[in-house]
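**Student:** Below is one structure. I have some questions about it.
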Amino acid sequence: MLTDEDLNIAPYSLAKKEKTDFLNRQLLSLTGHHYKACPEYKKILDSLSVDADSISDYTRIPFLPVRLFKHYDLRSVPEGEVVKTLTSSGTTGQQVSRIFLDRRTSSLQTKVLTKIVSSFLGKQRVPMLILDTSAVIKDRAMFSARGAGILGFSLFGTDRLYALDGEMKLDAAGIQAFLEKHRGETIFLFGFTFMIWQHFYKALKETGYHPDLSGGILIHGGGWKKLVNEAVSPQDFKDALHAVCGISHVYDYYGMVEQTGTIYVECECGHLHASIFSDVICRRPGDFSVCDYGEEGIIEAVSVLPESYPGHVLLTEDTGVILGEDDCPCGRRGKYFKINGRIKNAEIRGCSDTYAAKF
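By the count of this note's numbering, the sequence shown reaches residue 342 at its end, each step adding exactly one.
Okay, structure coming up:
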């Protein structure tokens, strides 16, 4: 379990041996906690004949398929201690994951997200342009992973403006007034990939309005499926945005509602990075053995944050490749990797991709 001292460690500061020791301590402790506190988790480990106390390495902790949270309510705290329930994004007819947070887990998520994002943005809060509509927050029926993402990243904004109105139309006048008010300041932009492309980039291109965001920093996430179908690569995405608004600092991130607070942010070299509070393991689909670096496999995501539910070791439905560890040219320690796509027949789940499917 994380202590205040653990939370003071810089997110990309531990080398492989130190980080492995840290993760082993945290994740083995969490496994024991969930085994005792969550009856369903205990049944899973018992059915696998796994003794939670005898696991010596976090890579040997049995993973839970991420889809399990769509079918079962998994909690490791009494129902009365749940202060927030998050749901995943989903297209019409899809079941959604339900993630139960107590006060401590919710607080840990916020603290770790703050440490990770601050390492890219700096510790001082800055004006924020949200490339979405405020209706996502106001309409509780829409509030899921997308709303949670906006609220989470809103912590880093001092003066926040939604760039789109309730009909997803660009508020050019509002944006221009916002930029004039904060002339000369760094602007933090946040949004989900497809919404940015469909409702921000295309609107700027069609209207000819080209705001000066050359000093801005954009962090975006939520799935690439629709843009890949439109033959838009990550570099195309960056180049197109630079052409219409001058922005050059554009960072993708990878994350999921089942491990909120644990995000993998793209560095200046285009690599996704695991902080000390998380890790990624690529597993071979045939026998779930660990892939070599450079070998494509199914992504297993581990996080030290989930204390109120057994979401600390999850097998995703994404494929990817571990590119290296501790030697990215950006200088950040830890594993760095890339996501290649979804496994065959997996449900659409990213915030951008589920919205694009409806769109």
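Glycine included, C-beta positions come from ideal geometry on N, C-alpha and C.
1) At the level of alpha carbons, what is the spacing between I200 and G307?
2) Would you check if the distance between the CB atom of T243 and the CB atom of Q92 is smaller than 7 Å?
3) Which ranges does the alpha helix (DSSP H) cover as unbroken runs of at least 4 residues, wholly within the region 44 to 75, from first to last along the chain?
4) Using a Cβ distance threshold of 8 Å, determine whether the region 84 to 98 contacts the region 141 to 158, with at least three qualifying pairs required.
5) Does the Cβ-Cβ distance between G15 and A(-2) come in under 7 Å?
6) When we look at the beta-carbon of M111 and count the other beta-carbons within 10 Å, is it buried (16 or more) or exposed?
7) Name the two residues that bound the continuous beta strand (DSSP E) containing R267.
8) Would you call the CB atoms of Y41 and R316 closer than 7 Å?
9) Can the beta-carbon of F171 be found closer than 7 Å to that of L144?
10) Mark L31 as exposed unless 16 or more other C-beta atoms lie within 10 angstroms of its C-beta, in which case mark it buried.
11) With burial defined as no fewer than 16 other Cβ atoms inside 10 Å of the residue's Cβ, what is the status of G205: buried or exposed?
12) CA-CA distance, K318 and A156?
13) Quick one, which of H254, F220, S272 has its alpha-carbon nearest Y236's?
14) Around the C-beta of R325, are 16 or more other C-beta atoms found within 10 angstroms, so that it is buried, or is it exposed?
15) Smallest Cα separation from G238: which of I322, Y184, H232, C274?
16) Do the region 288 to 296 and the region 42 to 51 make contact, defined as three or more Cβ pairs closer than 8 Å?
17) Tell me the DSSP secondary structure of N323 in three-state form.
18) Is there contact between the region 298 to 306 and the region 53 to 66, where contact requires at least three CB pairs shorter than 8 Å?
19) Counting pairs of Cβ atoms below 8 Å between the region 209 to 216 and the region 93 to 113, do you hit three or more?
20) So T343 is in the beta strand (DSSP E); what residue range does that whole segment cover?
21) Please classify V273 as buried or exposed, where buried requires at least 16 neighbouring CB atoms within 10 angstroms.
22) Got a sec? Which residues, its chain only, sit under 7 Å from T116 by beta carbon, not counting five neighbours each side?
23) Alpha carbon to alpha carbon, what distance is there between G140 and E168?
24) According to DSSP, K318 sits in a beta bridge with which residue or residues?
25) Using three-state DSSP, classify G204 as helix, strand or coil.
26) So, helix, strand or coil for M178, using DSSP?
27) Can you give the Cα-Cα distance for S(-9) and E189, rounded to whole angstroms?
28) Once you ignore the five residues that flank H225 on each side, which residues in its own chain have a CB closer than 6 Å to its CB?
29) Would you tell me roughly how many angstroms separate the C-alpha atoms of K98 and F136, rounded to the nearest one?
30) Would H193 and V227 be called neighbours here (beta carbons separated by less than 7 Å)?
31) Put A343 into one of helix, strand or coil per three-state DSSP.
32) Compare the Cα-Cα distances from L11 to each of K0, G269, P45 and report the closest residue.
33) Helix, strand or coil for H16? Go by DSSP, reduced to three states.
34) Going by DSSP in three states, S286 sits in which element: helix, strand or coil?
35) DSSP three-state call for L31: helix, strand or coil?
**Tutor:** Here's the rundown:
1) On the sequence shown, residue 200 is found 217 positions in, with the first residue counted as 1. On the sequence shown, residue 307 is found 324 positions in, with the first residue counted as 1. When rounded, the distance between both Cα atoms is 26 Å.
2) Translated into the one-based positions of the sequence shown, residue 243 becomes position 260. Translated into the one-based positions of the sequence shown, residue 92 becomes position 109. A Cβ-Cβ contact shorter than 7 Å links T243 with Q92.
3) Counting only runs of 4 or more, we get 51 to 54.
4) In short, these stretches do not touch, since the Cβ pair count stays below three.
5) For the purposes of this step, residue 15 is taken as the residue at position 32 of the sequence shown. For the purposes of this step, residue -2 is taken as the residue at position 15 of the sequence shown. Cβ distance not < 7 Å, so G15 and A(-2) don't count as in contact.
6) Within the sequence shown, residue 111 is the residue found at index 128, counting from 1. M111 is classed as buried because its beta carbon has at least 16 other beta carbons within 10 Å across all chains shown.
7) Taking the first residue of the sequence shown as 1, we reach residue 267 at position 284. Taken as a continuous stretch (DSSP letters only), R267 belongs to no beta strand (DSSP E), as it is neither H nor E.
8) Translated into positions along the sequence shown, residue 41 becomes position 58. Translated into positions along the sequence shown, residue 316 becomes position 333. No, the Cβ-Cβ distance between Y41 and R316 is not below 7 Å.
9) Translated into positions along the sequence shown, residue 171 becomes position 188. Translated into positions along the sequence shown, residue 144 becomes position 161. Cβ distance not < 7 Å, so F171 and L144 don't count as in contact.
10) As a working note, residue 31 is residue 48 in the sequence shown. Counting Cβ neighbours within 10 Å, L31 comes out exposed, since fewer than 16 surround it.
11) Along the sequence shown, read from residue 1 onward, the residue named residue 205 stands at position 222. Label assigned to G205: buried.
12) Counting from 1 along the sequence shown, the entry for residue 318 is found at position 335. Counting from 1 along the sequence shown, the entry for residue 156 is found at position 173. So the alpha carbons of these two residues sit roughly 43 Å apart.
13) Position 253 of the sequence shown, counted from the first residue, corresponds to residue 236. Among H254, F220, S272, the Cα nearest to that of Y236 is on H254.
14) As a position in the sequence shown, residue 325 is number 342, starting the count at 1. Looking at its Cβ environment, which holds 16 or more other Cβ atoms inside 10 Å, R325 is buried.
15) Stepping through the sequence shown from its first residue, residue 238 is reached at position 255. Of the candidates I322, Y184, H232, C274, the one whose C-alpha sits nearest the C-alpha of G238 is I322.
16) With a cut-off of 8 Å, the region 42 to 51 and the region 288 to 296 count as touching, because enough Cβ pairs lie within range.
17) The residue labelled residue 323 in the question sits at position 340 within the sequence shown. Correct three-state label for N323: strand.
18) No: fewer than three Cβ pairs fall under 8 Å.
19) Touching, no, given that fewer than three Cβ pairs across the two stretches are closer than 8 Å.
20) Past the edges of the chain, shown from -16 to 342, lies residue 343, and the structure says nothing about it.
21) Taking the sequence shown and counting its residues from 1, the one referred to as residue 273 is at position 290. V273 should be labelled exposed.
22) Looking up residue 116 in the sequence shown gives position 133. Taken in chain order, the residues that qualify are Y145, L147, D148, G149, M151.
23) The sequence position of residue 168 within the sequence shown is 185, counting from 1. The sequence position of residue 140 within the sequence shown is 157, counting from 1. If you draw a straight line from the Cα of E168 to the Cα of G140, it comes to about 12 Å.
24) In the sequence shown, the residue the question calls residue 318 occupies position 335. Residue pairing by DSSP places K318 opposite E308 in a beta bridge.
25) Within the sequence shown, numbered from 1, the residue matching residue 204 stands at position 221. Three-state DSSP puts G204 in a strand.
26) As a working mapping, residue 178 is identified with position 195 in the sequence shown. M178: helix per DSSP, three-state reduction.
27) Mapped onto the sequence shown, residue -9 falls at position 8. Mapped onto the sequence shown, residue 189 falls at position 206. As written in the sequence, residue -9 is Asn, which differs from the Ser given in the question. CA-CA distance, N(-9) to E189, rounds to 47 Å.
28) One-based indexing of the sequence shown puts residue 225 at position 242. The answer, listed in chain order, is S231.
29) Within the sequence shown, numbered from 1, the residue matching residue 98 stands at position 115. Within the sequence shown, numbered from 1, the residue matching residue 136 stands at position 153. Their Cα atoms are separated by approximately 12 Å.
30) As a position in the sequence shown, residue 193 is number 210, starting the count at 1. As a position in the sequence shown, residue 227 is number 244, starting the count at 1. Yes. Within cutoff.
31) Nothing in the structure corresponds to residue 343, since the chain is present only between -16 and 342.
32) Mapped onto the sequence shown, residue 11 falls at position 28. Ranking the options by Cα distance to L11, first place goes to P45.
33) For the purposes of this step, residue 16 is identified with residue 33 of the sequence shown, where counting begins at 1. Of the three classes helix, strand and coil, the one that applies to H16 here is helix, per DSSP.
34) Looking up residue 286 in the sequence shown gives position 303. In this structure, S286 counts as strand in the three-state DSSP scheme.
35) Stepping through the sequence shown from its first residue, residue 31 is reached at position 48. Coil at L31, not helix or strand.
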